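Here's the structure we're looking at; comments come further down.
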Amino acid sequence: MKFQIELLVTGEESSIDNLHSYYEFTIKEGVPVGSTVGKIGSGKAIKFEMLSESDNFEIDKEIGVIRTRNEMRISETYLDIRVTNKVNEVSKLVTVLIIVAQVDNNALFCLQNRIDLMVPENSPSGTFVDILMSDDNNLTRYTLQGNPAAISIDSNTGIISTTAPFDFEKESLYQFEAIAHRIGGASVGCQIFLYIIDKNDNAPKFKSNNYEVKVYEDAPVGEVITQLEVIDLDTVNEFVFEISIIGNERSWFGIKPDGRIFLRTPLDREYMAVHHLHIVIYDQRPPEKTFKATTTVKIIVLDVNDNAPQFVSPSAFFISERATSGTIVGLVHAVDPDMGHNGQLQYRILPWSNSEGLFMINPVLGYLLVHYPIDAEEQKNYHLLIEAKDYGVPRRLSTVVSVTVTVLASNKESPRLRNFYHIKIPENVPVGHIVSQITDTVTNVLFEIKSGNEDDYFRISPTNGIIMTNKRLNAAKNSSYNLTVSILSNNNTRKQSSIVLIEVLNIGVKTAQFPGRVDIILYVGENMQGTYPITIGTLRAITADRGLNGTLSYSLIQGNSTLFRVIPQTGKLQITGPLNYEMQNRYELVVQANDLTVPRSFNTISTVTVLVMDVNDNVPIFEYPQYYVEVMENEPVEENLTLLCLKATDKDDREFSMIR
């Protein structure tokens with residue numbers, strides 16, 4: 001016969017929360033009436049009630065101790081016990097299985113010199129262990145010698161029972177002697193070996209609360225990147241490792257049963273440079289009593305040179321045929337998302353596209369310069385192939401772009417200057433930065449700065465009127481310069497002049513701004529259908545500048561760079577995979593807009609809040625995978641009698657989570 005108890009939860013109270021829905025105890029046949037079988041729970045405000053009818057067992061209503069009422073003549077039985085909190089009448093239904101084991105012949109005293117006994121650790125005081133029996137009618141009493149304090153014997157009946165709980169982790173085997181005394185003073189002894197059965201009563205523990213691992217982004221799938229070591233004093237463990245989906249949304253990593261973390265999908269440092277994994281270990285599987293421990297693993301993805309440079313600058317430039325050697329044609333600029341030497345670039349003009357050597361390029365900054373005089377009548381357009389190559393190890397990656405330089409013929413007319421120019425530049429522009437060009441008219445003229453440049457912070461190209469910085473600027477030291485620029489044409493001996501006011505901006509001043517509200521809110525449905533990546537919005541920043549100063553590049557500087565990305569050239573914000581409302585329904589991203597000057601002159605940031613909208617994509621789940629109900633046949637049943645209370649949950653939100 002089996003006794004099964006179902007746990008019925010009608011409320012919550014801390015004093016009964018720790019109760020299990022199932023208990024199992026073992027006793028030996030022949031134990032005396034009143035022997036302790038086991039104990040359920042504890043607490044002064046708890047009462048215990050046995051719902052099953054049983055002639056063999058009873059329960060103490062105050063302390064939850066189950067005892068025998070008759071001699072055992074059964075093999076096993078199930079009992080239903082209701083545990084109730086006296087304060088608020090919250091109750092639970094508990095199932096207890098009692099197994100009645102046959103008496104081991106090892107316990108027949110004097111038949112052999114050794115008896116092996118076993119008792120589970122943490123068994124309550126009074127737990128029956130075994131009975132020493134003999135067919136010698138001259139035996140009068142039993143005693144133990146050298147026994148542990150937690151074990152005793154009834155001198156008349158030979159029943160061995162516990163007087164206190166044992167702890168397997170402290171001692172797992174005890175050896176002592178049982179002595180049977182005969183009439184007349186003679187005695188006979190027998191060696192007892194008491195084995196303590198280990199129970200799961202200790203939580204596992206990771207050797208470290210935090211791990212840090214480094215792995216190259218080109219590591220092959222399946223490679224083991226670290227081994228987690230666990231300590232557990234128990235010996236009955238069945239370890240189960242789990243990696244939280246938070247931090248492992250795209251299942252980059254897996255974990256083996258022995259705690260080895262391995263790579264499941266390829267890594268990409270440019271997508272995510274650091275992964276934070278949350279690891280949980282369970283020492284048993286439900287419904288067994290289970291303990292758990294947690295740790296975090298920080299995985300730093302090391303860069304490899306796996307990205308070639310990408311050009312982001314214009315591919316067409318214009319220059320006057322009067323331009324002299326050293327005149328700046330324009331800035332050629334490429335970007336490389338790799339780190340360190342892998343992302344550092346070198347520029348060069350491929351020789352076969354510049355066979356006459358008319359142009360040259362600054363290999364570090366990318367400035368395209370005039371090398372020798374150019375004649376528009378000989379050739380108007382020059383097509384140059386410019387290579388950007390990184391310094392990656394062990395291999396260097398490169399990209400080639402075609403650049404067209406159009407030579408403009410000189411104008412015979414005298415140039416016309418405006419009376420006043422107002423120019424703003426940030427203080428952190430590099431030496432050689434182009435500030436402005438005084439006139440677009442290409443002619444045979446001579447430019448010079450007549451006044452306002454006593455400290456030589458600026459210089460002007462005498463042939464094309466391009467003003468450039470000559471020293472590093474400091475807005476705190478001097479925030480404006482008032483230059484007088486003159487121009488003299490070969491066809492006009494009268495000099496013209498113009499005032500150029502240059503305002504130096506502190507680098508804290510942002511000339512590029514996101515319009516309207518600084519904070520942006522986007523609503524996105526979970527599990528969107530389509531081919532990823534999917535655009536969910538477009539970032540737009542505005543600037544009054546032109547050219548490279550007014551060309552903006554967008555980037556994601558903070559937030560989940562695994563699920564979100566920003567296209568630098570267009571500002572499109574995209575998701576790279578489906579979002580899950582139940583795992584995370586809100587994301588905070590910080591985006592940035594930069595101009596393309598080198599180094600970057602100014603930037604602006606904005607916060608983007610992505611709110612994930614719930615859809616009905618989860619099915620209800622019952623609390624337990626199986627339910628058992630036992631009903632006696634031919635027994636009268638009360639009307640509206642509750643046999644079982646079912647509970648199910650749904651991970652969806654609001655109306656999608658209502659269960660009917």
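Mapping of the sequence shown onto full-length UniProt numbering: position 340 corresponds to residue 340, and the numbering continues sequentially without gaps. A virtual CB, placed ideally from N, CA and C, is assigned to each residue, including glycine. None of these values were measured; they are calculated from a predicted model.
Cα-Cα separation, H191 to I153: As a working mapping, residue 191 is identified with position 191 in the sequence shown. As a working mapping, residue 153 is identified with position 153 in the sequence shown. One point to set straight first is that residue 191 is Gln, not His, in the sequence displayed. So the alpha carbons of these two residues sit roughly 14 Å apart.
To the nearest angstrom, how far is it from the Cα of E242 to the Cα of V400? Reading the sequence shown from its first residue, position 242 is the one you call residue 242. Reading the sequence shown from its first residue, position 400 is the one you call residue 400. Straight-line Cα distance between these residues: approximately 47 Å.
Contacts around I255, its chain only, beta-carbon distance under 6 Å, and the 5 residues preceding and following it disregarded: Along the sequence shown, one-based indexing puts residue 255 at 255. Result list for I255: F241, I243 and I261, in chain order.
Nonlocal neighbours in the same chain, by C-beta distance under 7 Å from P599, ignoring five residues either side: Your numbering for residue 599 matches position 599 in the sequence shown. Model confidence at P599 stands at a pLDDT of 49, short of 50, so the residue's coordinates are unreliable; what they give is reported in the following sentence. So the list reads N428 and P430, once near-sequence residues are dropped.
Leaving out five residues before and five after Y211 in sequence, what residues of the same chain have Cβ atoms less than 8 Å from its Cβ? Here residue 211 is taken as the residue at index 211 of the sequence shown, counted from 1. Within the same chain, Y211 has close Cβ partners T226, L228, T295, T296, V297 and K298.
Given a threshold of 16 other Cβ atoms within 10 Å of its Cβ, counted over all protein chains shown, does F318 qualify as buried or as exposed? The sequence position of residue 318 within the sequence shown is 318, counting from 1. Exposed is the call here.
Alpha carbon to alpha carbon, what distance is there between F25 and T77? Residue mapping note: residue 77 aligns to position 77 of the sequence shown, counting from 1. Residue mapping note: residue 25 aligns to position 25 of the sequence shown, counting from 1. Those two C-alpha atoms are separated by around 10 Å.
Quick check on DSSP: helix, strand or coil for H383? Position 383 of the sequence shown holds residue 383. Here H383 sits in strand by DSSP.
Do the region 301–309 and the region 269–276 make contact, defined as three or more Cβ pairs closer than 8 Å? yes
Three-state secondary structure (DSSP) of I16: Position 16 of the sequence shown holds residue 16. DSSP places I16 in helix when its eight states are reduced to three.
Quick one: what's G38 bridged to in DSSP? For the purposes of this step, residue 38 is identified with residue 38 of the sequence shown, where counting begins at 1. Bridge partners of G38: I66.
Own chain residues within Cβ distance below 6 Å of G465, not counting five before or after: Here residue 465 refers to the residue found at position 465 of the sequence shown. Excluding residues within five positions, the ones whose Cβ falls inside 6 Å are Q437, I438, T439 and F447.
Who does I245 pair with in a DSSP beta bridge? If you number the sequence shown from 1, residue 245 lands on position 245. Paired residue(s): none; I245 is not in a bridge.
Could you check whether N585 and L556 sit closer than 9 Å to each other, using their CB atoms as the reference points? Along the sequence shown, one-based indexing puts residue 556 at 556. Along the sequence shown, one-based indexing puts residue 585 at 585. No, they are not a contact pair.
Got a sec, what are the start and stop residues for the beta strand (DSSP E) V188 sits in? Translated into positions along the sequence shown, residue 188 becomes position 188. Run containing V188: S187 to I197, per the beta strand (DSSP E) assignment.
Look at the Cβ atom of K28, then the Cβ atom of M72, and state whether they are nearer than 9 Å. The count along the sequence shown starts at 1 and reaches residue 28 at position 28. The count along the sequence shown starts at 1 and reaches residue 72 at position 72. It is a contact, given that the beta carbons lie within the stated cut-off.
If you run the structure through DSSP and keep just helix, strand and coil, what is P363? Taking the first residue of the sequence shown as 1, we reach residue 363 at position 363. Residue state, collapsed to three classes: coil.
What's the gap between the Cα of K389 and the Cα of E378? For this step, residue 389 is matched to residue 389 along the sequence shown. For this step, residue 378 is matched to residue 378 along the sequence shown. Distance between the alpha carbons of K389 and E378: 32 Å.
Determine the direct distance from the alpha carbon of N85 to that of Q61, and round the result to whole angstroms. The residue given as residue 61 occupies position 61 in the sequence shown. The residue given as residue 85 occupies position 85 in the sequence shown. Position check: residue 61 holds Lys in this sequence, whereas Gln was assumed. Between K61 and N85, the C-alpha separation is close to 12 Å.
Near K471, what residues of its chain come up, given a Cβ to Cβ distance below 6 Å and the 5 sequence neighbours on each side ignored? As a first step, residue 471 must be located in the sequence shown, where it is residue number 471. Correct list, in chain order: Y457.
Element boundaries [beta strand (DSSP E), containing H371]: The sequence position of residue 371 within the sequence shown is 371, counting from 1. No beta strand (DSSP E) contains H371, which DSSP labels as neither H nor E.
Could you check how far apart the C-beta atoms of A178 and A164 are, in whole angstroms? I think they sit under 8 Å. Within the sequence shown, residue 178 is the residue found at index 178, counting from 1. Within the sequence shown, residue 164 is the residue found at index 164, counting from 1. No, A178 and A164 are not in contact; Cβ-Cβ is about 19 Å, not under 8 Å.
Give the single residue among L358, D218, E49 and T562 whose Cα lies nearest to the Cα of N248. Counting from 1 along the sequence shown, the entry for residue 248 is found at position 248. Among L358, D218, E49 and T562, the Cα nearest to that of N248 is on T562.
Residue range of the beta strand (DSSP E) that includes A308: What you label residue 308 is simply residue 308 of the sequence shown in a count that begins at 1. Per DSSP, A308 belongs to no beta strand (DSSP E) and is neither H nor E.
Within a Cβ cutoff of 8 Å, which residues of the same chain sit near I460, ignoring the five residues on either side of it in sequence? As a first step, residue 460 must be located in the sequence shown, where it is residue number 460. Excluding residues within five positions, the ones whose Cβ falls inside 8 Å are I438, F447, E448, I449, I466, I467, M468 and V485.
Please list, in chain order, all residues of the same chain as D104 whose beta carbon is under 6 Å from its beta carbon, the five residues on each side excluded. As a first step, residue 104 is located in the sequence shown; it is residue number 104 there, counting from the start. Its pLDDT being 49, under 50, D104 is placed unreliably in this model, and the value from its coordinates should be taken loosely. The answer is none, since no qualifying residue turns up.
Mind checking whether the beta-carbon of K92 lies closer than 8 Å to any heavy atom of the ligand HEM? Absence of the ligand HEM from the depicted structure is noted, as is the absence of any ligand whatsoever, leaving it without description.
Is it true that the CB of L643 sits closer than 9 Å to the CB of L573? Taking the sequence shown and counting its residues from 1, the one referred to as residue 573 is at position 573. Taking the sequence shown and counting its residues from 1, the one referred to as residue 643 is at position 643. No, the pair does not count as a contact, with Cβ atoms beyond the cut-off.
Per DSSP, what kind of secondary structure is P120 in: helix, strand or coil? Counting from 1 along the sequence shown, the entry for residue 120 is found at position 120. Looking at P120 - three-state DSSP - the assignment turns out to be strand.
Quick one, are the C-beta atoms of I575 and A593 less than 9 Å apart? Locating residue 575 in the sequence shown gives position 575, where the first residue counts as 1. Locating residue 593 in the sequence shown gives position 593, where the first residue counts as 1. No, the pair does not count as a contact, with Cβ atoms beyond the cut-off.
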